[in-house]
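Residues in the sequence shown are numbered consecutively from 1150, following the numbering used here.
Heads up, the beta-carbon is just placed ideally off N, CA and C, and yes, glycines get one too.
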Amino acid sequence: MENILKESGGSKQPITDEERAELASRLDEDLDNFIDNLQKTPYKDGWKEETWREEMEKHPFFMTKPPEPEDQPSPLVEGLQNLRYDPDDNTPEELATKHKDDGNFNFKCRKYKLAILSYQEGIKLDFQNNELRAQMFNNMSASHYFLKNFRSSLTAAELALKLKPDYEKTILRAINCCVQLKEFDKCLNFCDKYLEFVPGDDNVIKIKKEAFKSKVNLNYL
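In structure tokens form, the structure reads like this:
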């Protein structure tokens, strides 16, 4: 089975389970901070005609030459190099974690569709870690949200909340999706759920009031 190594006194030693969990937590926190601070610039999916060959070269399935030593490889490239997706050398949970890492890398590169595919591959594996599965549903929800696929984003958020009901950031995204979709009843329910965990949040209270007014006005039509 693959060992993650760390540098120690000039030799490499396997990290402990506690260190592995701490590293995973830091990586997840890093992605969360990236999402929170993501600039609200217009998203343009796809490749420009003048640069499509360069973009294709970055994808491991279409590379015609190995990456340069100074290039930062994506997790997918590293996985192909090390056969890290071999099911004989990885448990389903380890494979799911690696797919999540690929998704997180693509998300940071704003390749949201590729991120979604990575999370889907991880989610469909047979493993028991609901925290990990909830994280992938949440990240998939975020990817759909930035693609403005609000219905798909809401669906993924709801699946994450079934596994982790106190996932505050997921509840917030579900609220925003409901506003975009004019799902006012669901919006009110999610607002109430969020206020159970964060009482007195002025922004959510304001959204709840506006959703209630919109629901009333809709009923009068």
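Taking 9 Å as the cut-off, decide whether the C-beta atoms of residue i and residue j are in contact.
i       : j       : result
ARG1282 : ILE1272 : yes
LEU1266 : LEU1303 : no
PHE1333 : LYS1364 : yes
PHE1286 : GLU1242 : no
GLY1252 : LEU1244 : no
TYR1261 : SER1292 : yes
LEU1180 : PHE1295 : no
LYS1358 : ASP1341 : no
GLN1284 : LYS1249 : yes
Any chance the CB of residue i is under 8 Å from a heavy atom of the ligand MG?
i       : result
ALA1323 : Ligands in the displayed structure: none, and consequently the ligand MG is not present.
What is the DSSP secondary structure of residue i, reduced to helix, strand or coil?
i       : result
PRO1241 : helix
HIS1247 : Here residue 1247 turns out to be Lys, not His, going by the sequence shown. If DSSP states are grouped into helix, strand and coil, LYS1247 belongs with the helices.
ASP1334 : helix
ASP1235 : coil
CYS1258 : coil
ASP1350 : coil
PRO1215 : Below a pLDDT of 50, predicted positions are generally treated as unreliable, and PRO1215, at 46, falls in that range; the measurement from the model is reported next regardless. Residue state, collapsed to three classes: coil.
ASN1152 : For ASN1152, the pLDDT reaches just 38, beneath the cut-off of 50, and the residue's location in the model is therefore unreliable, although a value from the coordinates is still provided. The answer is coil: DSSP assigns ASN1152 none of H, G, I, E or B.
LYS1161 : Because the pLDDT of LYS1161 is 44, which lies under 50, any placement of that residue in the model is unreliable, and the number read from its coordinates should be weighed accordingly. DSSP places LYS1161 in strand when its eight states are reduced to three.
Measure the beta-carbon distance from residue i to residue j and round it to whole angstroms, keeping in mind my assumption that it falls under 8 Å.
i       : j       : result
GLU1317 : PHE1299 : In fact, because the Cβ distance is near 19 Å, the residues do not count as touching under 8 Å.
LEU1312 : ASN1279 : 4 Å
LEU1344 : PHE1361 : Wrong, their Cβ atoms sit about 13 Å apart, outside the cutoff.
TYR1268 : ASN1239 : About 17 Å separates the two Cβ atoms, so there is no contact after all.
4 or more residues per run - each alpha helix (DSSP H) lying fully within the stretch 1268-1324: Listed in chain order, they are 1279-1295, 1299-1312.
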